[in-house]
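J.: Sending over a structure as structure tokens; questions will come in a sec.
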Amino acid sequence: MSTTDKTQNGDLSEKSDETTRNVGVQSSVNKQVELQEQAEGGEAEDNISSPTAEDKSADSQVYTATSLLLTTKKETSVKTHPLTLDWAFGINPALPVFSLLDQDRLAVLYGCSHVAVIYDHASSSQHLLQGHCSPISCLCVSEDKRWLVTADKGQDSVLIIWDSYTGIPVRTMFDCHPEGGVTAVALSNDSRYLVTIGAGAVQRVCIWDWTNETEDPECQIDINPEYSFQNHIVFNPTDSSQLLSNSGSQVLFYTWDKGIMEYSAPEISNKTFNKTVGRLTQSVFHSGGVQAFSVTMAGNLVLWDVLKGSVTHQNKAMKATKLIPLQKNGITVLTLCDSFIVTGDVKGHVRFYDENFKLINWYSDFNLEAIASISFSKEIPASSIEGYQEDCTLKTKPFVNRNFVLSTVSAAVVHVKAQGSVAQTLLNEHAESLDAVACHPKQPLVAMGSRGGLLKVWDYENKRVISSRVFHTDKQIQCITYDPQGFYLAVGFASGAVQILDPCTLQQGEESFHYSQDCITHLTFSHDSFFLATADTGRAVTVFHLCKEGSQHVWKYLGRHRSHYKPIQDLLFGVQLDSTQPRLISLGMDRRLVEYDLQNSKKNELLILSSDRIEQSAVPTCMAWYPPLTTEHFLLTASDLYKMKLFNVTTKMCRKTLLGPTYGTPVKKMLTLPASKDGDPSSPYMAYITQNKVGVHILPLDGNTFKSTALLCHPMGVSSLACSYDGRYIFTAGGMDKTVFLWEISFPALEAAAALGGKELIPFYTLIEGGRDGELFKMMEDLFYYCQLRNQGIDSMETRQVSTHIPLTEVPFVMRALGFYPTEQELEDMQNEVKFSRYAETGKYVTHIDLEEFIKLYVNHRPAFDTSKEDLFKAFQVLGVLYESGQLVMTREELLELLQSRGEPMTEEELAECLMTLPDLGVEGGRSETRTLHCKDPESLLESKLPLNITVDTFATDILGFSSASQEPPPEEGSSSSSQLSKAS
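Whatever position you read off the sequence shown (first residue = 1), add 253 for this note's numbering.
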């Protein structure tokens, strides 16, 4: 992860800051514990010592905060990062939602991908708790709602404790469960101790005294895997030395003291009561701390009690004593509130029981899906009984209860006001994969659609929903897009259906088409809004056009063509250079760029104008129209080899190859941002996404890596990208995490970061091994001037003409001498890049190149990463055969046949020459600069140098000379620049 990622994700970078916070936290928590112990003891000591200077921590916001201090207004301070997370649309319905309600605020805490959100409904504001690099796996809140805990799973897992009043992270614990992260977490009633359950194959339970600076747990124990996966844990509210956890089939009871932890697993099955128990969901201790309860999906409650004769403080053995059929519906949630036992079920009902399991009250008219969590506010119910429901007992007393927040499996969050039984929906988000997002071209509106069929349009400036619709017939929304005028909103479904909607009402007239049985992956409108094109997983492109019938305009089907033999990666409309007619192009994994003849296409007949192969080995991933920064017009493409290429829009010639962003995975989608008032008008900008990151790049592209930045946006993968009409915001859809993030762009911060990289060639020196003073750069200089000597004749005695340029024809030899061996097509692209670099402006070809331009050419064209043994292994998986020994093997004849017939074919003489120059197969001493290598019998040489059966190890180590440590070919000893250049020749 880059430095930008860590900064943006809220990592605690200053140890002193964390120490100060911990001092404030420790004193604050200890003070709460002390007051609670005094209250439980009945009287306080008279001679309490005054707080020390350290305890006061006057500069600590955490210590001095007494209520909500989160900023509710949009901050106007200068942004120090190019991208800042501004808003999170969505919620993780698998995580509980916690009430932070008090007299001052109506706020809740919930998880959203790798971010925790404190949402204040009254002010319609969010405070985003950023610090995780993996999706948050569990949450918990202290009894007094002051401390929040978030944890994640996966590599480099993190657990963070936050102050809910300020939103400040007060403690960060790295790799507390390195075997797989944290699956469940809970705080003790006094907030002093924290318990975590690991997510490894063998789960570990750890108790942490988190207010101290110790890095090790107070105690820990491993759970026997036969008790199945424990996913829920709680402390005994009256005794922090006791805990319980449960899986779907087993409840475990824990005791710990003085660093020693034990657990017991009492029997619980259908044989225990000779009845169906059901799958266990949640468990709690009784408020008295002696008994415990567990609920099941069969509607039962299991009562746990202490075994007689086992009443010591150290070990209270528990036993399932009763199975109480509470209700018919499966119970998903169990919690306690004051003296009530509260349950939530699969029907969306909430029920309150007394300590004798008598039903006191229930809420069943909210029309909700299955309840996922219930959280009560810390405020005490009003003394007045007016407005409260009557309970269902014979005495019909007023049912006085706290307000609470509940969440459902369908991603709804509802606040229930007990006084008056008023239910208020706080959130109603997407419950299934959210893959589609699109921005209105002229208004601050963003549309997002999920596979659950929910389509919502938000006003992202005011953070409110404008309209929404649920599709039932064609349910799974895969992609959406607005037309350039904002008159239409097209929706593509996984079923192959396409609907064209009114962008305000989200209703359609007759514009619903179903010409494909495959999932729609791309939608795009022409610039004049008269054409709509789609691409699907069937590798076909379908076009619709707007026709005038009478006084109305109606969308009609034009044609369809299966133009690719591999999946379509991107689809774009453009404008013809010599007219205003639209042009349509598609890009596929088959490396073909296809343009369609819209003008001559007829109904049911979509014609192809041209089809060009644009890559040799790289797989293109996306494309975009390059801004008109020069007199020549280009199409920009990106590939899986971290390269970007500019193609002439008319000739389809590759005019430039550039090093793209290298942030872990290749660019998968990119778009040019509209002009913004904050940006440099002379420098357009481009937004892009990789597998899990979002970034911004300053144009024009030149290979300078300092002009690009990226940070983590969706750890599980980002599926779509959109930008606002004014170029100020970027939207990313996370797919499986059911989230859309809104990112604010700071162009001054981006320009400042680029300026720190230096001017002219300074950024490119950092891309060369050793930099400006390294051996590679010195070798470049030597080879550069040696080319001039060789071009003027090695044996010439005339006065040398030293120049700053070399002929363009010498570039291939210098590249090979530096260890970069491009294909013939790549060499042609290099020469065309230099040759036509000034043709559009001057009408003349460039025939020479200087050192500065050569360095840029070398940095941009060479592979972004060296070939490794893993790359060879992947090639052998495709080309080799698995032998009985378990190794992938290629025969000598198969290897030679492939090299002489596939790709750019090589002759036997060329193969023999190449093999003789390899470190482990060649002859010693090399050759002179003027002599050509010649082999009289290349076939015999190949047979003698290559074994009959070739494995990956043989090919990598014995033939290519890869060392097992670096996986790179070792340099030849005693080799000089001249000898290397001669071998490259």
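C-beta atoms are modelled at their ideal positions from N, C-alpha and C, and glycine is treated no differently.
On a predicted model such as this, the values are computed, not experimentally measured, just so you know.
Just the C-alpha distance for D712 and A975, rounded to the nearest angstrom, thanks.
T.: Along the sequence shown, one-based indexing puts residue 712 at 459. Along the sequence shown, one-based indexing puts residue 975 at 722. If you take the alpha carbons of D712 and A975, they lie about 15 Å apart.
J.: Measure the C-alpha to C-alpha separation of Q1041 and S973 and round it to an integer number of angstroms.
T.: Counted from its first residue, the sequence shown places residue 1041 at position 788. Counted from its first residue, the sequence shown places residue 973 at position 720. One C-alpha to the other measures close to 51 Å.
J.: Give a yes or no on whether the C-beta atoms belonging to G1252 and M1143 are separated by under 8 Å.
T.: Since the first residue shown for the chain is 254 and the last is 1238, residue 1252 is missing from the structure and cannot be characterised.
J.: Is it the case that the Cβ atoms of V595 and F605 are separated by a distance below 8 Å?
T.: Mapped onto the sequence shown, residue 595 falls at position 342. Mapped onto the sequence shown, residue 605 falls at position 352. Yes, these two residues count as a Cβ contact at 8 Å.
J.: Return the first residue and the last residue of the alpha helix (DSSP H) that K1127 is part of.
T.: Your numbering for residue 1127 matches position 874 in the sequence shown. Per DSSP, K1127 belongs to the alpha helix (DSSP H) from 1122-1132.
J.: Between the Cα of D598 and those of C590, V662, A545, E608, spot the shortest distance and give me the residue it belongs to.
T.: The sequence position of residue 598 within the sequence shown is 345, counting from 1. Of C590, V662, A545, E608, the residue nearest in Cα terms is V662.
J.: Alpha carbons only, please: which of F538, E632, S517, K1031 is nearest the one belonging to N656?
T.: One-based indexing of the sequence shown puts residue 656 at position 403. Checked all of F538, E632, S517, K1031; the closest Cα to N656 is E632.
J.: Determine the extent of the alpha helix (DSSP H) in which I838 is found, giving its start and end residues.
T.: Translated into positions along the sequence shown, residue 838 becomes position 585. That residue, I838, is in no alpha helix (DSSP H); its beta strand (DSSP E) goes 835-841.
J.: Can you list, in chain order, the residues of its chain with a C-beta nearer than 8 Å to that of N853? Leave out the 5 residues immediately preceding and following it.
T.: Here residue 853 corresponds to residue number 600 of the sequence shown, with the count starting at 1. Once the five neighbours on either side are set aside, the close Cβ partners of N853 are L860.
J.: Using the Cα positions of T549 and V530, report the straight-line distance between them to the nearest angstrom.
T.: Looking up residue 549 in the sequence shown gives position 296. Looking up residue 530 in the sequence shown gives position 277. Cα-Cα distance, rounded: 7 Å.
J.: Using a Cβ-Cβ cutoff of less than 6 Å, which residues in the same chain neighbour Y741 once the five nearest sequence positions on both sides are dropped?
T.: Stepping through the sequence shown from its first residue, residue 741 is reached at position 488. Closer than 6 Å at the Cβ level, and outside the excluded window around Y741, lie I753.
J.: Just to confirm, are I733 and G706 a CB contact at a threshold of 8 Å?
T.: Stepping through the sequence shown from its first residue, residue 733 is reached at position 480. Stepping through the sequence shown from its first residue, residue 706 is reached at position 453. Contact: no.
J.: Among all the DSSP beta bridges, which residues are the ones paired with C976?
T.: For the purposes of this step, residue 976 is taken as residue 723 along the sequence shown, with counting starting at 1. Paired residues: I983.
J.: Looking only at its chain, what residues have a beta carbon closer than 6 Å to the beta carbon of V710, apart from the 5 residues adjacent to it on each side?
T.: To locate residue 710, count along the sequence shown from 1; it is residue 457. Same-chain partners within the cutoff: L698, A700, I719, S720.
J.: So for N1284, helix, strand or coil by DSSP?
T.: Lying before the first or after the last residue shown, residue 1284 is absent from the chain, which here runs from 254 to 1238.
J.: In or out: F427 buried (at least 16 other Cβ within 10 Å) or exposed?
T.: Taking the first residue of the sequence shown as position 1, residue 427 is located at position 174. So F427 counts as exposed.
J.: Below 8 Å between beta carbons: does that hold for G420 and H380?
T.: Mapped onto the sequence shown, residue 420 falls at position 167. Mapped onto the sequence shown, residue 380 falls at position 127. Against a cut-off of 8 Å, the Cβ pair of H380 and G420 comes out as a contact.
J.: At 3 residues or longer, and completely inside the segment 1073-1108: list those beta strand (DSSP E) runs for me, N to C.
T.: Segments of the beta strand (DSSP E) lying fully in the segment 1073-1108: 1101-1103.
J.: Report the CB separation of V504 from I476 in whole angstroms; it is logged as a contact under 8 Å.
T.: Working through the sequence shown from its first residue, we reach residue 504 at position 251. Working through the sequence shown from its first residue, we reach residue 476 at position 223. Actually they are not in contact, since the Cβ atoms of V504 and I476 sit about 12 Å apart, beyond 8 Å.
J.: With burial defined as no fewer than 16 other Cβ atoms inside 10 Å of the residue's Cβ, what is the status of K1097: buried or exposed?
T.: Here residue 1097 is taken as the residue at index 844 of the sequence shown, counted from 1. Per the 10 Å Cβ criterion, exposed.
J.: Quick one: give me the first and last residue of the beta strand (DSSP E) that Q473 is part of.
T.: The residue labelled residue 473 in the question sits at position 220 within the sequence shown. Taken as a continuous stretch (DSSP letters only), the beta strand (DSSP E) holding Q473 covers 472-475.
J.: Can you give the beta carbon distance from L1104 to F1017, rounded, assuming they're within the 8 Å contact cut?
T.: Taking the first residue of the sequence shown as 1, we reach residue 1104 at position 851. Taking the first residue of the sequence shown as 1, we reach residue 1017 at position 764. Contact doesn't hold; Cβ gap of about 11 Å is too wide.
J.: Span of the beta strand (DSSP E) holding L1152?
T.: Position 899 of the sequence shown, counting from 1, holds the residue named residue 1152. Here L1152 belongs to no beta strand (DSSP E); instead the alpha helix (DSSP H) covers 1145-1154.
J.: Would you call the CB atoms of S390 and T436 closer than 8 Å?
T.: Taking the sequence shown and counting its residues from 1, the one referred to as residue 390 is at position 137. Taking the sequence shown and counting its residues from 1, the one referred to as residue 436 is at position 183. Yes, they are a contact pair.
J.: Tell me which residues share the same chain as K528 and place their Cβ nearer than 7 Å to its Cβ, disregarding the 5 neighbours each side in the sequence.
T.: The residue labelled residue 528 in the question sits at position 275 within the sequence shown. These residues qualify, in order along the chain: L576.
J.: Between which two residues does the beta strand (DSSP E) containing P1060 stretch?
T.: Reading the sequence shown from its first residue, position 807 is the one you call residue 1060. Note, P1060: beta strand (DSSP E), 1058-1060.
J.: Using a threshold of 8 Å, state whether the C-beta atoms of I252 and L1029 are closer than that.
T.: In the structure displayed, the chain extends from 254 to 1238; residue 252 sits before or after that span and is not available.
J.: Helix, strand or coil for M1169 per DSSP?
T.: Here residue 1169 refers to the residue found at position 916 when the sequence shown is read from its first residue. Note: M1169 maps to helix in three-state DSSP.
J.: What residue range is occupied by the uninterrupted beta strand (DSSP E) comprising Q314?
T.: Translated into positions along the sequence shown, residue 314 becomes position 61. No beta strand (DSSP E) holds Q314; the alpha helix (DSSP H) holding it covers 314-317.
J.: My assumption, with CB atoms under 8 Å, is that L1003 sits in contact with V920. Please give the rounded CB distance.
T.: As a first step, residue 1003 must be located in the sequence shown, where it is residue number 750. As a first step, residue 920 must be located in the sequence shown, where it is residue number 667. At roughly 17 Å, the Cβ-Cβ gap does not stay under 8 Å, so L1003 and V920 are not in contact.
J.: Smallest Cα separation from K398: which of V1205, F629, E858, S832?
T.: Within the sequence shown, residue 398 is the residue found at index 145, counting from 1. Comparing Cα-Cα distances from K398 to each of V1205, F629, E858, S832, the minimum goes to F629.
J.: Which same chain residues, not among the five before or five after K898, have their C-beta less than 6 Å away from its C-beta?
T.: The residue given as residue 898 occupies position 645 in the sequence shown. Closer than 6 Å at the Cβ level, and outside the excluded window around K898, lie T890, C907, T910.
J.: CB-CB under 7 Å to H886, same chain, minus the five flanking residues each way: which ones, in chain order?
T.: Here the question's residue 886 lines up with position 633 in the sequence shown. The residues are L830, V902.
J.: Name the two residues that bound the continuous beta strand (DSSP E) containing L1020.
T.: For this step, residue 1020 is matched to residue 767 along the sequence shown. Note, L1020: premise wrong, no beta strand (DSSP E); not H, not E.
J.: Looking at the unbroken beta strand (DSSP E) that takes in V455, where does it start and where does it end?
T.: Residue 455 sits at position 202 when you count from the first residue of the sequence shown. Element bounds for V455: n/a, residue is neither H nor E.
J.: Among G434, D1206, L354, which one has its Cα closest to the Cα of I627?
T.: The count along the sequence shown starts at 1 and reaches residue 627 at position 374. Comparing Cα positions, the closest option is L354.
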